[in-house]
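Student:
Chains as they are written, first to last, in the numbering used here: chain A, 1 to 296; chain B, 297 to 729.
(1) Hey, how far is the Cα of residue 386/B from the Cα of residue 331/B?
(2) Could you give the uninterrupted runs of the beta strand (DSSP E) lying entirely in the stretch 545–626 of chain B, keeping only those of 3 residues or more?
(3) Tell me whether the stretch 448–467 of chain B and the stretch 409–419 of chain B touch, counting them as touching only if at least three CB pairs, one residue from each stretch, are closer than 8 Å.
(4) Is any beta-carbon of chain B found at less than 8 Å from that of residue 79/A?
(5) For residue 274/A, which residues from the same chain have a beta carbon less than 7 Å from its beta carbon, with the 5 sequence-adjacent residues on both sides left out?
(6) Give the secondary structure of residue 389/B by DSSP, where H, G and I count as helix, E and B as strand, and everything else as coil.
(7) Decide if the stretch 707–722 of chain B is in contact with the stretch 515–523 of chain B; the criterion is three or more beta carbon pairs, one per stretch, under 8 Å apart.
(8) Answer yes or no: do residue 226/A and residue 366/B have a C-beta to C-beta separation smaller than 8 Å?
(9) Any residues in the stretch 130–157 of chain A with a beta carbon nearer than 7 Å to a beta carbon of chain B? Which ones, in chain order?
(10) Which residue wins for smallest C-alpha separation from residue 109/A, given the options 217/A, 99/A, 128/A?
(11) Could you work out which residues of chain A lie near residue 565/B, taking near to mean beta carbons separated by less than 7 Å?
(12) When the cut-off is 8 Å and only beta carbons count, does residue 422/B lie next to chain A?
(13) Since residue 370/B meets chain A, which of its residues come closer than 7 Å, beta carbon to beta carbon?
(14) May I ask which residues mark the beginning and end of the beta strand (DSSP E) holding residue 441/B?
(15) Using only CA atoms, which one of 175/A, 236/A, 246/A lies nearest to residue 384/B?
(16) Determine, using beta carbons only, whether residue 242/A comes closer than 8 Å to chain B.
(17) For the stretch 577–594 of chain B against the stretch 605–619 of chain B, do three or more pairs of beta-carbon atoms, one drawn from each stretch, fall closer than 8 Å, so that the two count as touching?
(18) Straight-line CA distance for residue 433/B to residue 398/B?
(19) Counting pairs of Cβ atoms below 8 Å between the stretch 686–694 of chain B and the stretch 636–651 of chain B, do you hit three or more?
(20) So the candidates are 566/B, 592/B, 655/B; which of them puts its Cα closest to the Cα of residue 462/B?
(21) Name, please, each residue of chain B whose Cβ falls closer than 8 Å to the Cβ of residue 55/A.
(22) Return the chain-ordered list of same chain residues with a C-beta closer than 8 Å to the C-beta of residue 669/B, the five sequence neighbours on each side being excluded.
(23) Looking only at its chain, what residues have a beta carbon closer than 8 Å to the beta carbon of residue 617/B, apart from the 5 residues adjacent to it on each side?
(24) Taking the C-alpha atoms as reference points, what is the distance between residue 702/B and residue 574/B?
(25) Nearest to residue 393/B by alpha carbon, out of 729/B, 683/B, 721/B, 727/B?
(26) Indicate the three-state DSSP secondary structure (helix, strand or coil) for residue 640/B in the structure shown.
(27) Indicate whether at least one CB of chain B lies closer than 8 Å to the CB of residue 58/A.
(28) State buried or exposed for residue 380/B, treating a residue as buried only when at least 16 other CB atoms are found within 10 Å of its CB.
(29) State yes or no: is the beta carbon of residue 544/B nearer than 8 Å to at least one beta carbon in chain A?
(30) Go to residue 705/B, then tell me how far its alpha helix (DSSP H) extends in each direction, as first and last residue.
(31) Quick one: which unbroken beta strand (DSSP E) runs of 3-plus residues sit fully inside the stretch 217–271 of chain A? Chain order, please.
(32) Output yes or no for whether 8 Å exceeds the beta carbon distance between residue 105/A and residue 175/A.
(33) With DSSP collapsed to three states, give me the class of residue 498/B.
(34) Is the stretch 618–625 of chain B touching the stretch 524–532 of chain B in the sense that three or more CB pairs, one from each, lie closer than 8 Å?
(35) Can you find at least 3 beta carbon pairs, one from the stretch 153–173 of chain A and one from the stretch 129–141 of chain A, that sit closer than 8 Å?
(36) Helix, strand or coil: which one does DSSP assign to residue 40/A?
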């Protein structure tokens, strides 16, 4: 607890000192450029490939653009009466509502773990840490059986509920709460007669906001990209998120061609909202870094 | 037949019963008191939802909703998970023939022999036996079949002055000639990803991987005939006359497009795949019967599926009615052939429906005559209750062999496949001869 709160500030101030003062090292720059290239090349590929039609996709030069982007989008939109857009809406719902719910649960649990003293707190936190180490994929099958007993498989709930609790989110929230919410302020509010929930909602939450944005983004991306859970839980393709839906277009069985152009175009469209999300929420991240620097 | 599958099924059922203590038993068929009966249908045949629309228009009382699934294996895995969990399965399911013993062993399918009526005469014998498993029960209505054929680029054959191979020996010679003309060009590829393809080749060679003897199963994957097939392909891969990359990969698609794959041992449904993956080569391909081993003209089956009613369905009667309509009604069969691009299993209806060659093969007007002749030569083949295990053993072992590129590795892979399959059957409580 104490270690985690002292860990953050030095990390931040070091980052700040790099910014603007020291000369850029050519080796580091080259390495970063290489890293950027490594990350951006696949994106460029998707961008180029989604402008090609079926026969160009496998025959023309990989990074040569073509002119069929809008045909592809039209075809994708026409596929089974616009099922693709339904998948997009589903994903937005799973990721949007799921991330909000998950962020709230994380904030509440993290705040409680950081600011309250109760028996078994250490045990709870240790179990939580173990939870961070367990990949979600492993839990998908047990979760399926649980959902089946509740009769909730093949419903929106089956994908929504398991993703609300995120051990990593709670862990992060605890660290943010410990660092950003001074215990004095909480105690002062208590003395003034505010209820515990009131303190959390009106004092702690706003203080933790930059951290919560990070948790929200983190969860949003995790749910947006999640494949295994919805793949196992859902049978009805009108409930599919985009990941499972696109995978289905690739695996149509041996006797049907995989719909590569549709999948590539779909992949491109499906990352756009994520990019947009990051651009919009980046602002809050900056606030977070600056706020840390001032406090330190 | 049913009892022999049940023996082994007991073990799995007992295990899952522990997990699903709270599972509900299916209710009796619901009368149409409140609104139409709603049926869910897991399928993956392209455009099958358009065929289902025809039914929905004509039958306001029984409405069917298609949920597209990932083809073949994933859909079965998902269905079995749902069956084990006690809920979540659809009413109807598109099931490949080789999966039916597995599904029956897990109690996933309903016996629809009563509701379906007398359908036996409508289907070829081999197809019918794979949905009845040789007994009195009926586990599915056959939808389509996939008799294997040989496809080749006519233009390339002409250019190189090659004859269409009619025996496997000739096929090897042609493969060498094709590869010699251009080191990037291959007559075909050995695909370690497609166990169904290799099973079809073994079927053509006159063997059957499983057999039933009284109350025990026989597994004969490493039979002499299959070993002949494996070492034939191993030999071709070893000398480099045949490619060793799997099918259905972007690389393979590129090969179909740019003419580096000039042949494909496939099945009657190939036109759909070729037109989807290599549209610009339309009119350049031709279909011929498979190259033959000595003896009678024979072929194998690759793919093909049926419509089954699951054991979790609460509307078995309505679902059976739909499954029967989908695969035997002339209008439905016509639609299956036209929009879903399948080769319908119902003999007479298919003949009536398939009059003109697929557009991709407009250069071969007698395409379906060739196909119909080939379809009559499909050898018998029995699938066992652990096809999934055998097939994934194929993927693992033959992937290694295809990498190793030696004939002996191919034969070893077959032996490993046999061992894995037998020990899995035993582990699951089946009697194995």
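Don't be surprised by glycine CBs; every beta carbon is placed ideally from N, CA and C.
Tutor: Quick look at the numbers:
(1) Straight-line spacing of the CA atoms in residue 386/B and residue 331/B works out to 19 Å.
(2) DSSP runs (the beta strand (DSSP E)) wholly in the stretch 545–626 of chain B: 559–563, 581–584, 597–605.
(3) Touching, no.
(4) Cβ-Cβ to chain B under 8 Å: no for residue 79/A.
(5) If we look at residue 274/A and ignore the five residues flanking it on each side, its Cβ neighbours are 221, 224.
(6) Three-state DSSP puts residue 389/B in a strand.
(7) Yes, the stretch 707–722 of chain B touches the stretch 515–523 of chain B.
(8) No.
(9) Hits within the stretch, in order: 144, 145, 148, 149, 151, 153, 154.
(10) Check the Cα spacing between residue 109/A and each of 217/A, 99/A, 128/A: the tightest is with 128/A.
(11) In chain order: 255.
(12) No, residue 422/B lies away from the interface with chain A (no Cβ there is under 8 Å from its Cβ).
(13) Contact annotation for residue 370/B against chain A: 251 [CB-CB distance below 7 Å, chain order].
(14) Here the beta strand (DSSP E) through residue 441/B covers 436–449.
(15) Of all alpha-carbon atoms in 175/A, 236/A, 246/A, the one lying nearest the alpha-carbon of residue 384/B is that of 236/A.
(16) Chain B, which has no Cβ nearer than 8 Å to the Cβ of residue 242/A, makes this no.
(17) Contact between the stretch 577–594 of chain B and the stretch 605–619 of chain B is absent, because fewer than three Cβ pairs lie under 8 Å.
(18) Straight-line measurement puts the Cα of residue 398/B at about 15 Å from the Cα of residue 433/B.
(19) Cβ pair count under 8 Å is below three, so no.
(20) The candidate whose alpha carbon is nearest that of residue 462/B is 592/B.
(21) From the beta-carbon of residue 55/A, the residues of chain B found nearer than 8 Å are 553, 574, 575, 576.
(22) 585.
(23) Here residue 617/B has 358, 411 as same chain residues with Cβ atoms under 8 Å from its own Cβ, once five neighbours each way along the sequence are excluded.
(24) Computed Cα separation, rounded: 31 Å.
(25) The shortest C-alpha separation from residue 393/B is found at 683/B.
(26) Residue 640/B: strand per DSSP, three-state reduction.
(27) By this cut-off, residue 58/A is an interface position.
(28) The residue in question, residue 380/B, is buried, as its Cβ has 16 or more Cβ neighbours within 10 Å.
(29) Taking 8 Å as the threshold, the shortest C-beta distance from residue 544/B to chain A falls below it.
(30) Element bounds for residue 705/B: 703–723.
(31) Those beta strand (DSSP E) runs which fall completely within the stretch 217–271 of chain A and span 3+ residues do not exist here.
(32) In this structure, residue 105/A keeps its C-beta atom at 8 Å or more from the C-beta atom of residue 175/A.
(33) In this structure, residue 498/B counts as helix in the three-state DSSP scheme.
(34) The answer is no - the stretch 618–625 of chain B does not touch the stretch 524–532 of chain B, with fewer than three Cβ pairs under 8 Å.
(35) Three or more pairs of CB atoms, one per stretch, sit closer than 8 Å, so the stretch 153–173 of chain A contacts the stretch 129–141 of chain A.
(36) Here residue 40/A sits in helix by DSSP.
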